[in-house]
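Have a look at the structure below before the remarks.
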Amino acid sequence: MATERPKERYNAPVREKHWQQVWEERGIFKATEASERPKYYVLEMFPYPSGRIHVGHSRNYTMGDVYARFKRAKGFNVLHPMGWDAFGMPAENAAMERKVHPARWTYDNIAAMKAQLKSMGLSLDWSREFATCDPAYYHHQQKLFLDFLAKGLAYRGVGKVNWDPVDQTVLANEQVIDGRGWRSGAPVESREMPVWYFRITKYAEDLLKAIDGLERWPEKVRLMQAKWIGRSEGLLMRYQLEGKALPRAKKYKELEVFTTRADTIFGGSFCAISPAHPLALELAKKNAELAAFIEECNRIGTSEEELARIEKKGFDTGLVATHPLIPGVRLNVYVANFVLMGYGTGAIFGCPAHDQRDFEFATKYGLPIIPVVIPEGSDPRTFRLAGEAYDGPGRIANSGFLDGMTVEEAKAAVAERLEALGKGKRKVMYRLRDWGISRQRYWGCPIPVVHCEGCGIVPVPESELPVRLPEDVTFDVPGNPLVRHPTWKHVKCPSCGRPATRETDTMDTFVDSSWYFARFTSPHADRPVDLTAASYWLPVDQYIGGVEHAILHLLYSRFFARAMTATKHLKLKEPFAGLFTQGMVVHETYRSQSGQWLLPSEVRVEGEGEQRRAVEVATGRPVEIGPVEKMSKSKKNVVDLDDFINEYGADTARWFVLSDSPPERDVIYSDVGVQGARRFVQRVWRLIEEIAERAAERGAAKPTRFGPEAAALRSAAHKALAKVTQNIEGLRFNVAVAQIYEFTTTLQSAAAKQDEGLNWALREGAELLVQMLGPMMPHLGEECWARLGYNTLLAEQPWPEPDPGLLVDDTITIAVQVNGKRRDELTIAKGANEAEIEAAALKLAPVVRALEGRPVKKVIVVPQRIVNVVV
RNA sequence: GCCCCAGUGGCGGAACCGGUAGACGCGCCAGACUCAAAAUCUGGUUUCCGCAAGGGAGUGGGGGUUCGAGUCCCUCCUGGGGCACCA
10 MATERPKERY
20 NAPVREKHWQ
30 QVWEERGIFK
40 ATEASERPKY
50 YVLEMFPYPS
60 GRIHVGHSRN
70 YTMGDVYARF
80 KRAKGFNVLH
90 PMGWDAFGMP
100 AENAAMERKV
110 HPARWTYDNI
120 AAMKAQLKSM
130 GLSLDWSREF
140 ATCDPAYYHH
150 QQKLFLDFLA
160 KGLAYRGVGK
170 VNWDPVDQTV
180 LANEQVIDGR
190 GWRSGAPVES
200 REMPVWYFRI
210 TKYAEDLLKA
220 IDGLERWPEK
230 VRLMQAKWIG
240 RSEGLLMRYQ
250 LEGKALPRAK
260 KYKELEVFTT
270 RADTIFGGSF
280 CAISPAHPLA
290 LELAKKNAEL
300 AAFIEECNRI
310 GTSEEELARI
320 EKKGFDTGLV
330 ATHPLIPGVR
340 LNVYVANFVL
350 MGYGTGAIFG
360 CPAHDQRDFE
370 FATKYGLPII
380 PVVIPEGSDP
390 RTFRLAGEAY
400 DGPGRIANSG
410 FLDGMTVEEA
420 KAAVAERLEA
430 LGKGKRKVMY
440 RLRDWGISRQ
450 RYWGCPIPVV
460 HCEGCGIVPV
470 PESELPVRLP
480 EDVTFDVPGN
490 PLVRHPTWKH
500 VKCPSCGRPA
510 TRETDTMDTF
520 VDSSWYFARF
530 TSPHADRPVD
540 LTAASYWLPV
550 DQYIGGVEHA
560 ILHLLYSRFF
570 ARAMTATKHL
580 KLKEPFAGLF
590 TQGMVVHETY
600 RSQSGQWLLP
610 SEVRVEGEGE
620 QRRAVEVATG
630 RPVEIGPVEK
640 MSKSKKNVVD
650 LDDFINEYGA
660 DTARWFVLSD
670 SPPERDVIYS
680 DVGVQGARRF
690 VQRVWRLIEE
700 IAERAAERGA
710 AKPTRFGPEA
720 AALRSAAHKA
730 LAKVTQNIEG
740 LRFNVAVAQI
750 YEFTTTLQSA
760 AAKQDEGLNW
770 ALREGAELLV
780 QMLGPMMPHL
790 GEECWARLGY
800 NTLLAEQPWP
810 EPDPGLLVDD
820 TITIAVQVNG
830 KRRDELTIAK
840 GANEAEIEAA
850 ALKLAPVVRA
860 LEGRPVKKVI
870 VVPQRIVNVV
880 V
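Next up, the structure:
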């Protein structure tokens, strides 16, 4: 049955392959430093090769690609690379589950995903591709590690670490979420063990201060980082300790506490130390009761609910602390469950009147509660706390020499006095901890050191780098295969030559991603980065990725920029000048009766609203429709990119993920939305064909005069161009899409008129339309560009400039209000003065009607904007 | 608990610096083409009163500033995100 088609439909899947091949053959996306143009580095957070790309992933790359293509057309020398964040747990999990080597699994995935990315038509420089699991990459990472080690930026320390019992590895603080491992979700245990750290706290102040300069970062991310670094100014002060139980050692003679509220020092009524405080541990050796108390504290988990619920509890050590400023005042010293060892000194003085935790503690143990900060307007003699601590501003009272001061004045006065006495010191504290990078896993970058009984920790000589991962490993038992490998870890000490062992910890995969952006600038260099290339390309001008990396990856990369600068690999402060955090593609989830997640393609949805039902295609059984969530492999609510592209083409996918939702917000995947995008692709193609046929001659002489319709069309085209340009520049892709739609409709209605006089303007409009949508739908763009008679590539065309003369109209339409309510509009010459506008406005019939004969009090005329008649 | 962000038609969302709210898309309704369907095209679509002309209401609720508020201020509600015994 032959169906007559009115016109050849645009066959996207076929044509797209063609254009991808042309781009590749001509190598137009290769970037070099040898260019007269200003550089521009566009980067999307590189993917973990987990298997296949779904439509959810594609949004990030599409946005980056639109921007890269746009900037290229705008005359920049654009670097737009791609690579693979290839080390990590899933590869080992696959090895355990499927008996496939992590390297094999990883490289297979990379091959598949690379093909998928290519089918999206991304303008990537593939010559710079690398995978972080390649020795050619981690070789240089080991070199960086050694340089950091030499500089004291890396060190090995014994510390309490977060141990993930499921993944059998240490986690960084940043990777513990609500007391659970960020990957496994298992409750994290606290363990004491030697691990490797990067000294990120060295840059705490700088990392915080420099946030101010990150003007093209989302405010939200800057705030999150600042909070994470968590700076607080306070005072370290020392109390003398006394008591029968006091251990003999000199270090226990004094108790050092940290406070940010030195102004409340006279309100102190007890001291408390953490159950993990060295003094507490020492005392516990001779005090079984205390030991039991400490053990009880340790048993309490770290999950948020537990923390919120637990009661403030203390154990009186029998020791007393003498007040450094007030002779005769002696404070009992408790071990208290709410004092954290990880912050400050692990010891506090408690001021119940002005700290809620101390208040609860004092109430429970009957300790004095002495208000020393009195809110402005209250009388110190009669002021009573309202059943809770007061932490607001006020004047100091009951505090000797501090009386009458403000909180800030008192803080300064106490600090000064204690510093003069040598019993205190102003101190800035940070919440930020050093970054623990040791992972007890196989599939990561080996830490290039050797442990020697005689020499201690010995760096592997550079000439012996890279320290390669052994390939013959098994995953049949839990734990780190490197530890049980028969030969790999046994080496000679590089220093003394005697038998020694290799470090079997590997680096956190966040190390790999902390400098890949720099490696892209010189991916084949024989050192971590070529300083000339890096200095040319860095910083990344526009970085695009998910907001879930707001802290971890982005903070670590900022640290690396500093550490690599300190070790002379870079000259850079901030790695990412502009950051954009894009929203996800979300899709509803489906679950079969047996509780299995189902792919959208396995489900048929019928009906609408309340009647909406889903059934499993294969069995016809009903399916439960679950909440709309981020597309993820685990819940199977994904649409495979290959399937999508084979059906609709890459441009439809690209257009869809850019449409409707603002880029920073999530977009809901829907078949109807996709249909809309698909329809638009065809509509543009039909329109361009029609115009191309009609105004066949390209480069026909521009008429000296245009009729009113042609002039209006040209004005609309140039206005659309100006707006689309601005909105792409500002990453407001959804708005740019809307404006392209709008102009397409305008162009289409003009084309419908059989008016020869429009031909030149139609052709101009068609060309501009094609250029405007080129960054978003590059294949369709090329196809149309060719159809319009060009044998050049659209991807190599400069971005068109709107004609400024066509952006302003001779007449303008402004609203006319009466008492702020719109009554009519007025079209008037652009140059009309206020008096003319006022006069014209007052003559309008709806205005006269609304005035109801009342006298006009005032007329506000904002030229080119509005007229408001006030009665 | 604290700190951010958001709340606009049936839906996704637009609206520069306070100046015609609802661009654009989806959906829906009507029409054209068709034997019919699909595709495509045209028109309509915040809501209420009205045949219409026209008018009233309207950007989560309440209050305020202003000639004028989706936009600024106060307050409350709802949703999302971040942090959380940080001394």
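When the letters of the first sequence are read in order and numbered with this note's numbering, they come out as residues 10 to 880. Using N, Cα and C, we set each Cβ at its ideal position, and we do this for glycine too. It should be emphasised that the depicted structure is a prediction, and the values quoted were computed from it without experimental measurement.
Residue environment, C505, which counts as buried when at least 16 other CB atoms sit within 10 Å
For the purposes of this step, residue 505 is taken as residue 496 along the first sequence, with counting starting at 1. With fewer than 16 Cβ atoms within 10 Å of its Cβ, C505 is classed as exposed.
Is the CB-CB distance between G277 and L340 below 8 angstroms?
Here the question's residue 277 lines up with position 268 in the first sequence. Here the question's residue 340 lines up with position 331 in the first sequence. Yes, the pair counts as a contact, with Cβ atoms nearer than the cut-off.
With burial defined as no fewer than 16 other Cβ atoms inside 10 Å of the residue's Cβ, what is the status of A77: buried or exposed?
Translated into positions along the first sequence, residue 77 becomes position 68. It is buried - the Cβ of A77 has at least 16 other Cβ atoms within 10 Å.
DSSP has K867 in a bridge; who is on the other side?
On the first sequence, residue 867 is found 858 positions in, with the first residue counted as 1. Looking at the DSSP assignment, K867 forms a beta bridge with V879.
Between which two residues does the alpha helix (DSSP H) containing S128 stretch?
Numbered from 1 along the first sequence, position 119 holds the residue referred to as residue 128. Unbroken alpha helix (DSSP H) run through S128: 111-128.
Note the first and the last residue of the continuous alpha helix (DSSP H) segment covering T71.
Residue 71 sits at position 62 when you count from the first residue of the first sequence. Taken as a continuous stretch (DSSP letters only), the alpha helix (DSSP H) holding T71 covers 64-82.
What's the gap between the Cα of V204 and the Cα of A527?
Looking up residue 204 in the first sequence gives position 195. Looking up residue 527 in the first sequence gives position 518. If you take the alpha carbons of V204 and A527, they lie about 27 angstroms apart.
Rounded to whole angstroms, what's the CA-CA distance from W32 to L126? Just pull it up for me.
Here residue 32 corresponds to residue number 23 of the first sequence, with the count starting at 1. Here residue 126 corresponds to residue number 117 of the first sequence, with the count starting at 1. Between W32 and L126, the C-alpha separation is close to 14 angstroms.
So does A395 have its beta carbon nearer than 7 angstroms to some heavy atom of the ligand GDP?
Absent from the structure shown: the ligand GDP. Ligands present: none.
Rounded separation between P402 and G239 - CA only
As a working note, residue 402 is residue 393 in the first sequence. As a working note, residue 239 is residue 230 in the first sequence. C-alpha separation (whole angstroms): 22 angstroms.
Quick one: measure Cβ to Cβ for A406 and D400, integer angstroms, because I've assumed they're closer than 8 angstroms.
Looking up residue 406 in the first sequence gives position 397. Looking up residue 400 in the first sequence gives position 391. With 8 angstroms as the limit, A406 and D400 do not qualify as a contact, their Cβ atoms being about 16 angstroms apart.
How many Å lie between R858 and R832 at the Cα?
Stepping through the first sequence from its first residue, residue 858 is reached at position 849. Stepping through the first sequence from its first residue, residue 832 is reached at position 823. If you take the alpha carbons of R858 and R832, they lie about 9 angstroms apart.
In the structure shown, what three-state DSSP assignment does K160 receive?
To locate residue 160, count along the first sequence from 1; it is residue 151. The answer is coil: DSSP assigns K160 none of H, G, I, E or B.
Under 8 angstroms by Cβ, that's how I've got S67 and A804 pegged, so tell me the actual separation to the nearest angstrom.
Working through the first sequence from its first residue, we reach residue 67 at position 58. Working through the first sequence from its first residue, we reach residue 804 at position 795. Not quite, the Cβ-Cβ distance comes to about 19 angstroms (not below 8 angstroms), so this is no contact.
When the distance is taken between beta carbons, is T268 closer than 8 angstroms to F358?
Counted from its first residue, the first sequence places residue 358 at position 349. Counted from its first residue, the first sequence places residue 268 at position 259. Going by C-beta atoms, F358 is nearer than 8 angstroms to T268.
Please report the distance separating the alpha-carbon of E315 from that of R189.
Locating residue 315 in the first sequence gives position 306, counting from the first residue. Locating residue 189 in the first sequence gives position 180, counting from the first residue. At E315 the pLDDT is 47, less than 50, meaning the model places this residue with poor confidence; the figure from the coordinates comes in the next sentence. Approximately 13 angstroms between the Cα atoms of the pair.
Reference K580, options A572, A586, G587, closest by Cα:
In the first sequence, counting from the first residue as 1, residue 580 sits at position 571. Of A572, A586, G587, the residue nearest in Cα terms is A572.
By Cβ distance below 7 angstroms, which residues in the same chain neighbour A195 in space, the five residues on each side in sequence not counted?
Along the first sequence, one-based indexing puts residue 195 at 186. Closer than 7 angstroms at Cβ, skipping near neighbours: D173, P174, V175, R189.
Start and end residues, beta strand (DSSP E) containing W881
For the chain, the structure presents residues 10 to 880; residue 881 sits outside this window and is missing.
Reducing DSSP to helix, strand and coil, say where G829 ends up.
Taking the first sequence and counting its residues from 1, one reaches residue 829 at position 820. Coil at G829, not helix or strand.
Look at the Cβ atom of P333, then the Cβ atom of K432, and state whether they are nearer than 8 angstroms.
Locating residue 333 in the first sequence gives position 324, counting from the first residue. Locating residue 432 in the first sequence gives position 423, counting from the first residue. Yes, the Cβ-Cβ distance between P333 and K432 is below 8 angstroms.
In this structure, how does DSSP classify L88 when only helix, strand and coil are distinguished?
Counted from its first residue, the first sequence places residue 88 at position 79. Looking at L88 - three-state DSSP - the assignment turns out to be strand.
By the DSSP assignment, the beta strand (DSSP E) with S241 in it spans what residues?
Numbered from its first residue, the first sequence carries residue 241 at position 232. Unbroken beta strand (DSSP E) run through S241: 241-251.
Would you mind stating whether W93 and I62 have Cβ atoms separated by less than 8 angstroms?
Looking up residue 93 in the first sequence gives position 84. Looking up residue 62 in the first sequence gives position 53. The answer is no: Cβ separation not under 8 angstroms.
With a Cβ-Cβ cutoff of 8 angstroms, do T354 and V266 count as a contact?
Stepping through the first sequence from its first residue, residue 354 is reached at position 345. Stepping through the first sequence from its first residue, residue 266 is reached at position 257. Contact flag set, yes.
Is it buried or exposed, M54, if we count other Cβ atoms within 10 angstroms and call 16 or more buried?
Residue 54 sits at position 45 when you count from the first residue of the first sequence. M54 comes out buried.
Check this for me: beta carbons of T510 and V459, under 8 angstroms apart or not?
Translated into the one-based positions of the first sequence, residue 510 becomes position 501. Translated into the one-based positions of the first sequence, residue 459 becomes position 450. For T510 and V459, yes; Cβs fall inside 8 angstroms.
Which listed residue (L290, I654, D272) has its alpha carbon closest to that of D364
Your numbering for residue 364 matches position 355 in the first sequence. Comparing Cα positions, the closest option is D272.
Outcome for K80 when other beta-carbon atoms lying within 10 angstroms are tallied against a minimum of 16:
On the first sequence, position 71 is the one that residue 80 refers to. The residue in question, K80, is buried, as its Cβ has 16 or more Cβ neighbours within 10 Å.
Would you mind reading off the limits of the alpha helix (DSSP H) that contains C793?
Counting from 1 along the first sequence, the entry for residue 793 is found at position 784. 787-796 is the span of the alpha helix (DSSP H), which, as asked, contains C793.
Would you check if the distance between the CB atom of N828 and the CB atom of V879 is smaller than 8 angstroms?
By 1-based counting over the first sequence, the position of residue 828 is 819. By 1-based counting over the first sequence, the position of residue 879 is 870. Contact: yes.
With three or more beta-carbon pairs closer than 8 angstroms as the criterion, would you say the segment 738-746 touches the segment 672-684?
yes
Three-way DSSP call (helix, strand, coil) for F347 in this model
As a working mapping, residue 347 is identified with position 338 in the first sequence. DSSP places F347 in coil when its eight states are reduced to three.
Beta-carbon within less than 6 angstroms of A345's beta-carbon, same chain only, minus the 5 sequence neighbours each way: which residues are those?
Along the first sequence, one-based indexing puts residue 345 at 336. The residues are A281, G323.
Does DSSP put Y50 in a helix, in a strand, or in coil?
Mapped onto the first sequence, residue 50 falls at position 41. Residue state, collapsed to three classes: strand.
Option in Y164, G65, R46 with minimal Cα separation from V647
Indexing the first sequence from 1 puts residue 647 at position 638. That would be G65, whose Cα lies nearest to the Cα of V647.
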